[in-house]
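All remarks here apply to the structure that follows.
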Amino acid sequence: MVTSSDLRTEDQIQTMYNEHCRSLIEYWRGDPIMHGGYFADSEPDASYTTAARHASALLAREAMIDDDSRVLDIGCGFGHFLMFIAERFDCVGEGLDLSEEHIEFASARARGNPRLTFRQGSATELPYAQGSFTHVTSQDAFYHIPNKAALYREIYRVLAPGGTLAFLDFLQPSKAAPDQDRENTYAALGWTESYSLLEYQQMLQSVGLEIDLARDLGSHVKQTYHLLGKDTQRYAVTAPDPDEQRQLMDFARVCDDVKKGVDRREISWGVIVAHKPTSAGEM
Numbered sequence: 001m002v003t004s005s006d007l008r009t010e011d012q013i014q015t016m017y018n019e020h021c022r023s024l025i026e027y028w029r030g031d032p033i034m035h036g037g038y039f040a041d042s043e044p045d046a047s048y049t050t051a052a053r054h055a056s057a058l059l060a061r062e063a064m065i066d067d068d069s070r071v072l073d074i075g076c077g078f079g080h081f082l083m084f085i086a087e088r089f090d091c092v093g094e095g096l097d098l099s100e101e102h103i104e105f106a107s108a109r110a111r112g113n114p115r116l117t118f119r120q121g122s123a124t125e126l127p128y129a130q131g132s133f134t135h136v137t138s139q140d141a142f143y144h145i146p147n148k149a150a151l152y153r154e155i156y157r158v159l160a161p162g163g164t165l166a167f168l169d170f171l172q173p174s175k176a177a178p179d180q181d182r183e184n185t186y187a188a189l190g191w192t193e194s195y196s197l198l199e200y201q202q203m204l205q206s207v208g209l210e211i212d213l214a215r216d217l218g219s220h221v222k223q224t225y226h227l228l229g230k231d232t233q234r235y236a237v238t239a240p241d242p243d244e245q246r247q248l249m250d251f252a253r254v255c256d257d258v259k260k261g262v263d264r265r266e267i268s269w270g271v272i273v274a275h276k277p278t279s280a281g282e283m
């Protein structure tokens, strides 16, 4: 079995998510979510599922998605974000994910909505013509992708001139932590490479995108993993299989490590919005 500490290639990432797909669906009682939560000032004590929907609302709002949008969601997982915006807009959405299991579930979930489609594939070799989308979005997926330079070049290519990239992702604010501590924390999350908020902006600018928004949301990811840890511990008590119990308790410990990592400034989370200039040529 591939574990998060083994994640160095797209094949390994794909295998891990395929292996864990069914248990995630069961854990979330048929409505799986795989991204951080945003805790609005008006609901600081919101549940994780409520905060996850707030995160989708934040991303849709900052991206300025509307009825005329053509949206590509990279690392779409179980299709949560595209289903969310389909409830609110008449836009067209395409989801891309490495995991065939994710795509199968998302496609079944969206059946009956001709505006949503899902496809298995790599974000570093996007199977779309240049200028195909007005928006590219992602939630907590880019940190898994080893070749980030290829990812951003491909995003630039498939965005229409004036198009928007909007995503939420893990950040590494500081590289001052002891190497082993840092490696253990990142291995638990399955990071392949990490950037600070500034480094993310510089990388996007290097491929020709212009930054509209870059905001650190570290307190939100800490609260996300606080709630996930509590929920996981409760679920582990009722799990009938000893191996499943052990895996759940391992994840609960990962949640504690993430919270400590946020306090040490080794881990954060943020939202970034950028656009392709209207006069842009192709790279």
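Anchor point for the sequence shown: position 124 equals 124 in UniProt numbering, and the numbering is continuous, going up by one each time. From the three backbone atoms N, C-alpha and C, an ideal C-beta is built for every residue, glycine too. No experiment lies behind these values; they were computed from the predicted model shown.
Item                                                                                                                                                   : Value
Proximity winner among PHE170, TYR195, PHE105 and GLU210, relative to ILE155 (alpha-carbon distances)                                                  : GLU210
Contact check, PRO146 vs THR50, beta carbons under 8 Å                                                                                                 : no
Those runs of the alpha helix (DSSP H) which lie wholly inside the UniProt domain "Methyltransferase type 11" (72 to 167) and span at least 4 residues : 80 to 86, 100 to 109 and 148 to 158
CB contact check: PRO242 to chain D, cutoff 8 Å                                                                                                        : Annotation note: the requested chain D is absent from the structure, which comprises a single protein chain.
Cβ-Cβ distance between ALA63 and THR124 below 8 Å                                                                                                      : no
VAL258 - DSSP class collapsed to helix/strand/coil                                                                                                     : helix
Same chain only: Cβ atoms within 7 Å of ILE65, ignoring 5 sequence neighbours per side                                                                 : VAL71, ILE85, PHE89, CYS91 and HIS135
Rounded Cβ spacing between TYR48 and LEU228 (contact assumed at less than 8 Å)                                                                         : 6 Å
Per DSSP, cross-strand counterpart(s) of ARG215                                                                                                        : VAL271
Cα-Cα separation, LEU168 to SER56                                                                                                                      : 9 Å
The stretch 221 to 241 touching the stretch 184 to 198, judged by at least three CB pairs closer than 8 Å                                              : no
Span separating the alpha-carbon of GLN14 from that of MET34                                                                                           : 15 Å
Buried or exposed by the 16-neighbour rule on C-beta atoms within 10 Å, applied to ALA106                                                              : buried
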